[in-house]
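Student: In the numbering used here, the protein residues as written are 7 to 111.
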Amino acid sequence: MTTTSPHARALAALGHDARLSIFRLLVKAGDGGLRVGEIGQHLGLAPSTLAHHLSTLVDAGLVLQEKQGREVFNKVDFPAMHRLQTFLSEECCTGVTTRSEEDAA
7 MTTTSPHARA LAALGHDARL SIFRLLVKAG DGGLRVGEIG QHLGLAPSTL
57 AHHLSTLVDA GLVLQEKQGR EVFNKVDFPA MHRLQTFLSE ECCTGVTTRS
107 EEDAA
């Protein structure tokens, strides 16, 4: 059995237009997050569709949900987002040896 890395799960979750839109909206909302209904109003998503996409983002470790009374607030797990950004950029511009360069050496 193969296990999927947290980075691959996060990128797969963001690989859907609706989930990417939800995530970007929550990034804009900041630490306060948004209620499920507010996300739906901003993006015009049906409640059942929104619940499915939020569940995927939560399972991927990108979104945290916090119940306050009867309301569920959703917010970005900013440390997780920063870990993903670091993973994607940590070897930026370090160079890659191509096969033709290896053969020439």
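Where is the CB? At the ideal position from N, CA and C, for every residue including glycine. It should be emphasised that the depicted structure is a prediction, and the values quoted were computed from it without experimental measurement.
Between which two residues does the beta strand (DSSP E) carrying V78 extend?
Tutor: Position 72 of the sequence shown, counted from the first residue, corresponds to residue 78. V78 -> beta strand (DSSP E) spans 77 to 82.
Student: Tell me, please, whether the region 57 to 73 touches the region 24 to 39 by the rule of three or more beta-carbon pairs shorter than 8 Å.
Tutor: Output reads yes: the region 24 to 39 touches the region 57 to 73.
Student: May I ask which residues mark the beginning and end of the alpha helix (DSSP H) holding E44?
Tutor: Numbered from 1 along the sequence shown, position 38 holds the residue referred to as residue 44. Element bounds for E44: 42 to 49.
Student: Could you check how far apart the C-beta atoms of L90 and H13 are, in whole angstroms? I think they sit under 8 Å.
Tutor: Translated into positions along the sequence shown, residue 90 becomes position 84. Translated into positions along the sequence shown, residue 13 becomes position 7. Rounded, the Cβ-Cβ distance is 6 Å, consistent with contact.
Student: Between which two residues does the beta strand (DSSP E) harbouring V69 extend?
Tutor: Residue mapping note: residue 69 aligns to position 63 of the sequence shown, counting from 1. V69 -> beta strand (DSSP E) spans 69 to 74.
Student: Given a threshold of 16 other Cβ atoms within 10 Å of its Cβ, counted over all protein chains shown, does G50 qualify as buried or as exposed?
Tutor: Within the sequence shown, numbered from 1, the residue matching residue 50 stands at position 44. It is exposed - the Cβ of G50 has fewer than 16 other Cβ atoms within 10 Å.
Student: Measuring only the C-alpha atoms, how far is K34 from I45?
Tutor: Here residue 34 refers to the residue found at position 28 of the sequence shown. Here residue 45 refers to the residue found at position 39 of the sequence shown. Each residue's Cα considered, the two are about 12 Å apart.
Student: Tell me which same chain residues have a C-beta within less than 6 Å of the C-beta of H58, skipping the five on either side of it?
Tutor: Numbered from 1 along the sequence shown, position 52 holds the residue referred to as residue 58. Result list for H58: empty, nothing under 6 Å.
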